[in-house]
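Peer 1: This is the structure I want to talk about, given as structure tokens.
Protein chains: 2
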Amino acid sequence: MDALGDPTRRAIVERLLEGPLPVGELAKQFPMSRPAISQHLRILKRADLVIDRPEGNRRYYALNPAGVESLRAYFDRFWTHALQAFARAVDAARPPSA
Amino acid sequence: MDALGDPTRRAIVERLLEGPLPVGELAKQFPMSRPAISQHLRILKRADLVIDRPEGNRRYYALNPAGVESLRAYFDRFWTHALQAFARAVDAARPPSA
DNA sequence: CGATTCCGTAAGAATTAACTTACGGTAAGT
DNA sequence: ACTTACCGTAAGTTAATTCTTACGGAATCG
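If you want it as structure tokens, here you go:
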């Protein structure tokens, strides 16, 4: 969840939504160096949001279904809670008598 | 979305899920100074995730339904996209003939 | 083999972000 | 009117992130 705090990492994840990519291909689409992308990928990997797989010379990165799913679970709780809160807020907004 | 990058801000938002609170009450629940909380609230406010309303001496902060909803919309697109990507990945994993 | 491509990691510089203290302004209480 | 409570903002410091450059290892190609 902290892993998505950085805009570049969010962009990487969104790019990976379209399918796995090797590091080089990924790096071409960003205005920074390849090692910078590698470091971001390491963070995403620690957060279990991506998985990597060597393929000959290159190393493909892809989204990790399990990680994305657990993130979704977190937000699901969040929305549910939020909706309840809004319902209460609406009730509270109804002035008791004043 | 950047606004949720910080753990303290996530904690604030989660705390506000239970209802509106004045800054002082909010700050009591965190190990840092009140101004620090004020600054986090400013960021959350710029992100349209919270709204504030003065009530006599105190200033109440509450979740902003519109902001939370737009965040939800973002993630909905995300999950949808992700599921499609996983479906494709499963297909790709099915070896063509080898 | 030697040269090239692809990549991860380390080290350091530079930018950004998060906190504390200090201050001022408004509202309520005496 | 004075004092106290509540809060936002500014300035400055400290800590954490994010980059770049430099290097080395593994796979591919000639």
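Sequences listed follow chains A and B, in order.
First residue of the first sequence? That's 21 in my numbering, and the numbers climb one at a time after it.
First residue of the second sequence? That's 21 in my numbering, and the numbers climb one at a time after it.
Cβ coordinates follow ideal geometry from the N, Cα and C atoms, glycine included.
Here the structure is a predicted model, which is why all the values come from computation and not from measurement.
#1: Along chain A, which residues have their Cβ under 9 Å away from the Cβ of His-101 of chain B?
#2: Round the Cβ separation of Arg-78 of chain B and Gly-44 of chain B to the nearest angstrom and send it over; I've been treating them as touching at under 8 Å.
#3: Taking 7 Å as the threshold (C-beta atoms), are Arg-29 of chain A and His-60 of chain A in contact?
#4: Strictly below 8 Å CB to CB, what residues from chain B border Asp-22 of chain A?
#5: For Leu-37 of chain B, which of helix, strand or coil comes out of DSSP?
#6: Measuring alpha carbon to alpha carbon, tell me which of A:Glu-75, A:Val-88, A:Ser-90, A:Tyr-94 ends up nearest Pro-42 of chain A.
#7: Establish whether the CB of Arg-79 of chain A and some CB of chain B are separated by less than 7 Å.
#8: Verify whether the separation of the beta carbon atoms of Leu-83 of chain B and Ala-23 of chain B is less than 7 Å.
#9: Whole angstroms are fine: how far does the CA of Glu-34 of chain B sit from the CA of Leu-69 of chain B?
#10: Answer with buried or exposed for Arg-114 of chain B, where buried requires no fewer than 16 other C-beta atoms within 10 angstroms of its C-beta.
#11: Less than 6 Å between the CB of Ile-63 of chain A and some heavy atom of the ligand ATP, yes or no?
#12: Which residues in the same chain have their Cβ closer than 6 Å to the Cβ of Ser-90 of chain A, if we skip the five residues on either side of it in sequence?
#13: What's the C-alpha gap between Arg-92 of chain A and Ala-67 of chain A?
Peer 2: Once the coordinates are examined:
#1: Mapped onto the second sequence, residue 101 of chain B falls at position 81. Here the neighbours are Glu-34, Leu-37, Glu-38.
#2: In the second sequence, counting from the first residue as 1, residue 78 of chain B sits at position 58. In the second sequence, counting from the first residue as 1, residue 44 of chain B sits at position 24. The Cβ separation is near 7 Å, so the contact holds.
#3: Counting from 1 along the first sequence, the entry for residue 60 of chain A is found at position 40. Counting from 1 along the first sequence, the entry for residue 29 of chain A is found at position 9. Yes. Within cutoff.
#4: The residue given as residue 22 of chain A occupies position 2 in the first sequence. The answer, in chain order, is Gly-25, Pro-27.
#5: Residue numbering aside, residue 37 of chain B sits at position 17 when the second sequence is read from its first letter. Coil.
#6: Along the first sequence, read from residue 1 onward, the residue named residue 42 of chain A stands at position 22. Of the listed residues, the one whose Cα sits closest to Pro-42 of chain A is A:Glu-75.
#7: As a first step, residue 79 of chain A is located in the first sequence; it is residue number 59 there, counting from the start. Taking Cβ atoms only, chain B never reaches closer than 7 Å to Arg-79 of chain A, which makes this a no.
#8: On the second sequence, residue 83 of chain B is found 63 positions in, with the first residue counted as 1. On the second sequence, residue 23 of chain B is found 3 positions in, with the first residue counted as 1. It is not a contact, given that the beta carbons lie outside the stated cut-off.
#9: Indexing the second sequence from 1 puts residue 69 of chain B at position 49. Indexing the second sequence from 1 puts residue 34 of chain B at position 14. About 12 Å.
#10: Residue 114 of chain B sits at position 94 when you count from the first residue of the second sequence. Annotation note: pLDDT 49 at Arg-114 of chain B (below 50); position unreliable, no value reported.
#11: This structure simply doesn't include the ligand ATP, nor any ligand for that matter.
#12: Taking the first sequence and counting its residues from 1, one reaches residue 90 of chain A at position 70. Around Ser-90 of chain A: no qualifying Cβ.
#13: For the purposes of this step, residue 92 of chain A is taken as the residue at position 72 of the first sequence. For the purposes of this step, residue 67 of chain A is taken as the residue at position 47 of the first sequence. Arg-92 of chain A and Ala-67 of chain A: Cα-Cα distance of roughly 14 Å.
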